[in-house]
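Colleague: Before I ask anything, here is the structure I am working with.
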Amino acid sequence: MQLFTFFAIFGLALAETGIDGWLRYAPLPSSISWPSVPKHIVVLNTTKTSPVYTAGLELQRGIQSILGQDCHLSNGKPDESIIVGTLDAYVATYGNLTQAVDLKEDGYWLSTENNVVQIIGQNERGALYGAVEYLSMLAQANFSSVAYASNPDAPIRWVNQWDNLDGSIERGYGGASIFFANGTIVNDLTRVAEYARLLASVGINAIVINNVNANASILSPQNIDGVGRIADTMRPYGVQIGLSLYFASPTSGVQGQANLTTFDPLDSSVIAWWGNVTDQIYERIPDMAGYLVKANSEGQPGPITYNRTLSQGANLFAKALQPHGGRVLFRAFVYNQLNESDWRADRANAAVDFFKPLDGQFDDNVVVQIKYGPIDFQVREPASPLFANLFHTNTAIELEVTQEYLGQQTHLVYLPPLWDTVLGFDMRIDNETSLVRDIIAGRTFNRSSGGYAAVVNVGTNQTWLGSHLSMSNFYAYGRLAWNPAEDTTKIHEDWTRLTFGLDQNVVDTITNMAIESWPAYENYSGNLGIQTLTDILYTHFGPDPQSQDNNGWGQWTRADHTTIGMDRTVSNGTGYAGTYPPEIAAMYENIEMTPDNLLLWFHHVNYTQKLKSGKTVIQHFYDAHYAGADTAQTFAPQWQSLEGKIDSQRFDEQLYRLKYQAGHSLVWRDAIVDFYHNISGIADEHGRVGNHPYRIEAEDMTLNGYKTYAVSPFETASNYHAVVTSDNSTTGSVSTTLHFKSGTYDVGVNFYDMYGGVSKYEMLINNKTIATWAGDSEDYLGHTPSIYLDGHSARRTTFTDIAVKEGDILEIVGTPNGIEPAPLDYVVFLPKGVID
Ligand code: GCW
């Protein structure tokens, strides 16, 4: 008996690391019967670096794994075969297809009719896309007879990696770079090939491998050759390479390149320098995709440094690339520091201010890459108005798969429904339907190019992104870049089947969690369009609402004792609403017409302002934060209901994260509601805020070797205080007599898990140990850590079903380690069904 049947029959779940993502090709369960599938694969290209050849191997591997059937690669006989190749190769070998098919660049034709499977690409990578689509059908036990052409919505379907040459990744939460270490390209490119396979399987055709905050040394001859090795590794998957450029490279003393005294984009020596470097790159990588440039943004140099325009800067690279057929993706993320005391100042206006006057001045091989919203990957933003202000310029949308402001892969947040609010947004240009997805595809303004870029930031972690469930965002990104009209729930169901199997309960449960996740995160992190109320000055992870204001970054909330929100109206505010086409501008200008979920984005109102729901703004804040955290409590139990249906490794790893999220969502909830309660002085109608009958504050217990500590920001500690050990080397304890009714409780402990130490804790009742834990999440979670007691390090761990009698003595013993003084915030005794 073959191994695969053995495991299929007994339904055993082998441990899986997640490294294959959605390309596991799990054997179909023996309960399913299927019609026969051709045993021959005809590969119409035998060059080993060809994506067509890769497609043949992938079909062989997939069919063997999914169906347990060996296929032979052969050429010639078309009957009862799977034929994979380009349309040209097909026609040359067999003559015309019986049907006329309309294939666009990268598209494919897939037919499974009449015992022949035709997988015909418009080009080589199209054939690979078709092959993976066919395998995706088989892996989902879909044996229906199909015959259709599939074409991508837009030519640019890129991913960006923010990898630094030292191997770190800016905003990466899945480990170190798979591309770089120690200033150069790594030797072992095994993971790079595996990444290319994942990218190709969802239709991604290019990758920019280095951080947009770029380092000039990527352009040394040695590194160009290393990038060439990466290109060689990804080429069989049809994934082209792009590079992020440092605008001032000509003056950076790049090893092996001339060093200039200027980087002025109009200076002839600079033009020659870039021409020369570009020629060197194309000599090594003839099919290089192009460049990505972040200029005059967040301290980066750019053309404005020399009083040149951004388009002159972009065209410098465009002209160097033009003879080679390459493109420049030029980022629209350009803004200046601002002064909040200026009521009309608004960072959200920056992109339109900078780029609209330049419309028509960009070369044809420039694509302006625009973040989905005007600020920065927030939990909710209106669609960037720049999409509706460039009529003679190619544009692409920039999304973030890496969850920078959205829980950093330790919170489950399925992002496509958020992306959909922008891709499907109708700008009403000239009072006609003008969806963002049509604009970036080039259809609306008849542009030559455009499309999609997403910052993915996979790392060396076996799960790629750090979390198994976050891979749904990566998968769905590719699917949406191919077809942005697809239903995001259906995409998730496909991903779940491919990742966790065909059990309907598994598919429904995980998809349900996914669909609930973004609304929940929005509810507990920042609702009504106020943005993700995270610490924008430090880790972008936990809550810190006041970090938004009183600085030059322009992510302001303008919250004071009575009012909150940014007035972005034309009549009285920053004028931002007026940067949209008239119908949309009118909607956002008018508070009655502005949707509640963007109210505070566009209007500055009293906390007592009534929403369309009839609630006040402040009561909505309270209710939403409670509702969001409540939903987050359900994710771990939903996941646990699937125990035995998912292999233990992935099950346990994900469960750890979901439990962490349950605790951290409460940290978020309490911090935000306490902060606004404190600033507004308005009570919660339901009496929850500031009222915690089931908690015992650590600072109220008897402290032995512990001292009280005032936490900052104050709202990230219950009652604003925590306790820490008196010094960093001596064990301490806190104790108290319990006055809860005798019974069984879930006992939650809030503590701070800082980076730079693994404190140990022991909880005892009447001198009997009932739980031990450690502040060791830095070993398990990849989010940006904190060295302080704050909203990033605050966590809750919960021990279920603890028997307690009135009068019992509770003691927690904390042993500090490193810089971590075993910090404790509070203990909470939860009767069943209570979340305090
Ligand atoms: O979102 C911000 C990030 C920076 C990033 C920048 C950008 C690469 O916090 O880490 O820099 O945007 O997009 O350029």
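In mature numbering (1 follows the signal peptide of the UniProt record, and there is no 0), the protein residues as written are -15 to -1, 1 to 821. Beta carbons: idealized from backbone N, C-alpha and C, even for Gly.
Who does Asn735 pair with in a DSSP beta bridge?
Modeller: For this step, residue 735 is matched to residue 750 along the sequence shown. Paired residue(s): Arg781, Tyr811.
Colleague: Less than 9 Å separating the beta-carbons of Ser703 and Asp775?
Modeller: For the purposes of this step, residue 703 is identified with residue 718 of the sequence shown, where counting begins at 1. For the purposes of this step, residue 775 is identified with residue 790 of the sequence shown, where counting begins at 1. Result no, Cβ atoms of Ser703 and Asp775 do not sit closer than 9 Å.
Colleague: When the Cα atoms are used, what is the spatial distance from Ala303 to Ala438?
Modeller: As a working note, residue 303 is residue 318 in the sequence shown. As a working note, residue 438 is residue 453 in the sequence shown. Ala303 and Ala438: Cα-Cα distance of roughly 18 Å.
Colleague: Return the chain-ordered list of same chain residues with a C-beta closer than 6 Å to the C-beta of Pro806, the five sequence neighbours on each side being excluded.
Modeller: Stepping through the sequence shown from its first residue, residue 806 is reached at position 821. For Pro806, where only same-chain residues beyond five positions count, the Cβ hits under 6 Å are Val709, Thr710, Asn713.
Colleague: Let me know if His610 comes out buried or exposed under the rule of 16 or more other beta-carbons within 10 Å of its beta-carbon.
Modeller: Here residue 610 corresponds to residue number 625 of the sequence shown, with the count starting at 1. It counts as buried.
Colleague: Am I right that Ala466 and Gly188 are in contact with their C-beta atoms under 8 Å? What's the rounded C-beta distance?
Modeller: To locate residue 466, count along the sequence shown from 1; it is residue 481. To locate residue 188, count along the sequence shown from 1; it is residue 203. Right, their Cβ atoms sit about 7 Å apart.
Colleague: Could you give the first and the last residue of the continuous beta strand (DSSP E) run that contains Tyr746?
Modeller: Looking up residue 746 in the sequence shown gives position 761. Element bounds for Tyr746: 745 to 750.
Colleague: Which residues does DSSP pair with Trp758 in a beta bridge?
Modeller: As a first step, residue 758 must be located in the sequence shown, where it is residue number 773. DSSP output for Trp758 lists Tyr746 as bridge partner(s).
Colleague: For Arg329, does the count of other Cβ atoms within 10 angstroms reach 16, so buried, or fall short, so exposed?
Modeller: Counted from its first residue, the sequence shown places residue 329 at position 344. Arg329 should be labelled exposed.
Colleague: By alpha-carbon positions, which one of Gly227, Leu301, Leu643 ends up nearest to Tyr267?
Modeller: The residue labelled residue 267 in the question sits at position 282 within the sequence shown. It is Gly227.
Colleague: Give a single yes or no on whether residue 888 has its beta carbon closer than 8 Å to a heavy atom of the ligand GCW.
Modeller: In the structure as shown, the chain begins at -15 and stops at 821. Residue 888 is therefore absent and cannot be evaluated.
Colleague: May I ask whether a heavy atom of the ligand GCW can be found less than 8 Å away from the beta carbon of Trp147?
Modeller: Walking along the sequence shown from the start, residue 147 turns up at place 162. It does: the Cβ of Trp147 is within 8 Å (strictly closer) of some heavy atom of the ligand GCW.
Colleague: Determine, using beta carbons only, whether Pro140 and Asp91 come nearer to each other than 9 Å.
Modeller: As a first step, residue 140 is located in the sequence shown; it is residue number 155 there, counting from the start. As a first step, residue 91 is located in the sequence shown; it is residue number 106 there, counting from the start. For Pro140 and Asp91, yes; Cβs fall inside 9 Å.
Colleague: Hey, is Pro286's beta-carbon within less than 9 Å of any beta-carbon in chain C?
Modeller: Of the protein chains in this structure there is only one, and it is not chain C.
Colleague: What does DSSP give as the partner residues of Arg680 in its beta bridges?
Modeller: Residue mapping note: residue 680 aligns to position 695 of the sequence shown, counting from 1. DSSP, once it has assigned bridges, lists Val813 as partnering Arg680.
Colleague: Below 9 Å between beta carbons: does that hold for Leu397 and Ala562?
Modeller: Taking the first residue of the sequence shown as 1, we reach residue 397 at position 412. Taking the first residue of the sequence shown as 1, we reach residue 562 at position 577. No, they are not a contact pair.
Colleague: Please classify Met551 as buried or exposed, where buried requires at least 16 other C-beta atoms within 10 Å of its C-beta.
Modeller: Mapped onto the sequence shown, residue 551 falls at position 566. Per the 10 Å Cβ criterion, buried.
Colleague: Buried or exposed: which applies to His546, given that a residue is buried once 16 or more other Cβ atoms fall within 10 Å of its Cβ?
Modeller: By one-based count along the sequence shown, residue 546 stands at place 561. Exposed is the call here.
Colleague: By Cβ distance below 6 Å, which residues in the same chain neighbour Gly358 in space, the five residues on each side in sequence not counted?
Modeller: In the sequence shown, the residue the question calls residue 358 occupies position 373. Cβ within range, chain order: Glu366, Ser369.
Colleague: Can you give me the Cβ contacts of Arg182 inside the same chain, cut-off strictly under 7 Å, excluding the 5 residues immediately before and after it?
Modeller: Numbered from 1 along the sequence shown, position 197 holds the residue referred to as residue 182. Taken in chain order, the residues that qualify are Leu8, Tyr222.
Colleague: Give the straight-line distance between the Cα atoms of Phe(-6) and Val224, rounded to the nearest whole angstrom.
Modeller: Residue numbering aside, residue -6 sits at position 10 when the sequence shown is read from its first letter. Residue numbering aside, residue 224 sits at position 239 when the sequence shown is read from its first letter. Caution applies to Phe(-6), whose pLDDT of 43 falls short of 50 and renders its modelled position unreliable; the value that the coordinates give is listed next. If I take the Cα positions, the gap works out to 39 Å.
Colleague: Could you tell me if the beta carbon of Val364 falls within a distance shorter than 8 Å of some heavy atom in the ligand GCW?
Modeller: For the purposes of this step, residue 364 is taken as residue 379 along the sequence shown, with counting starting at 1. No; taking the cut-off as 8 Å, the Cβ of Val364 has no heavy atom of the ligand GCW nearer than that.
Colleague: Leaving out the 5 sequence neighbours to the left and right, which residues in its chain are closer than 6 Å to Ile289 when beta-carbon positions are compared?
Modeller: In the sequence shown, residue 289 corresponds to position 304, counting from 1. Contacts found: Asn281.
Colleague: Using the C-alpha atoms, what's the distance from Asn458 back to Leu384?
Modeller: Counting from 1 along the sequence shown, the entry for residue 384 is found at position 399. Counting from 1 along the sequence shown, the entry for residue 458 is found at position 473. In a straight line, the C-alpha of Leu384 is about 11 Å away from that of Asn458.
Colleague: State the DSSP-derived secondary structure class of Asn458, mapped to helix, strand or coil.
Modeller: As a position in the sequence shown, residue 458 is number 473, starting the count at 1. Helix, per DSSP.
Colleague: Would you check if the distance between the CB atom of Leu277 and the CB atom of Phe340 is smaller than 9 Å?
Modeller: Along the sequence shown, read from residue 1 onward, the residue named residue 277 stands at position 292. Along the sequence shown, read from residue 1 onward, the residue named residue 340 stands at position 355. No, these two residues do not count as a Cβ contact at 9 Å.
Colleague: With DSSP run on the structure shown, which of helix, strand or coil describes Gln225?
Modeller: What you label residue 225 is simply residue 240 of the sequence shown in a count that begins at 1. Of the three classes helix, strand and coil, the one that applies to Gln225 here is strand, per DSSP.
Colleague: Rounded to whole angstroms, what's the CA-CA distance from Val28 to Gly560? Just pull it up for me.
Modeller: Locating residue 28 in the sequence shown gives position 43, counting from the first residue. Locating residue 560 in the sequence shown gives position 575, counting from the first residue. Their backbone Cα atoms lie some 59 Å apart in a straight line.
Colleague: In whole angstroms, what is the alpha-carbon distance linking Glu568 and Ile163?
Modeller: Here the question's residue 568 lines up with position 583 in the sequence shown. Here the question's residue 163 lines up with position 178 in the sequence shown. Their backbone Cα atoms lie some 47 Å apart in a straight line.
Colleague: Which residues in the same chain as Arg464 place their Cβ atom closer than 7 Å to its Cβ, once the five residues preceding and following it in sequence are excluded?
Modeller: By one-based count along the sequence shown, residue 464 stands at place 479. Taken in chain order, the residues that qualify are Val187, Glu471, Ile476.
Colleague: From what residue to what residue does the beta strand (DSSP E) around Ile192 run?
Modeller: Working through the sequence shown from its first residue, we reach residue 192 at position 207. Counting along the chain, the beta strand (DSSP E) containing Ile192 begins and ends at 191 to 193.
Colleague: Say yes only if the C-beta of Asn196 is nearer than 8 Å to one or more non-hydrogen atoms of the ligand GCW, and no if none qualify.
Modeller: The sequence position of residue 196 within the sequence shown is 211, counting from 1. Asn196: yes, Cβ under 8 Å from the ligand GCW.
Colleague: Taking the alpha carbon of Thr378 as the reference point, which residue from Gly3, Asp534, Ser21, Ser433 has its own alpha carbon closest?
Modeller: Position 393 of the sequence shown, counted from the first residue, corresponds to residue 378. Of the candidates Gly3, Asp534, Ser21, Ser433, the one whose C-alpha sits nearest the C-alpha of Thr378 is Ser433.
Colleague: If you drop the 5 nearest sequence neighbours on each side, which residues of the same chain put their C-beta closer than 6 Å to that of Thr701?
Modeller: The residue labelled residue 701 in the question sits at position 716 within the sequence shown. The residues are Ala656, Asp775, Gly776, Ala779.
Colleague: Cβ-heavy atom distance between Ser510 and the ligand GCW below 8 Å?
Modeller: Taking the first residue of the sequence shown as position 1, residue 510 is located at position 525. Ser510: no, Cβ never under 8 Å from the ligand GCW.
Colleague: Give the secondary structure of Pro806 by DSSP, where H, G and I count as helix, E and B as strand, and everything else as coil.
Modeller: Sequence index remark: in the sequence shown, residue 806 carries index 821 (1-based). Coil.
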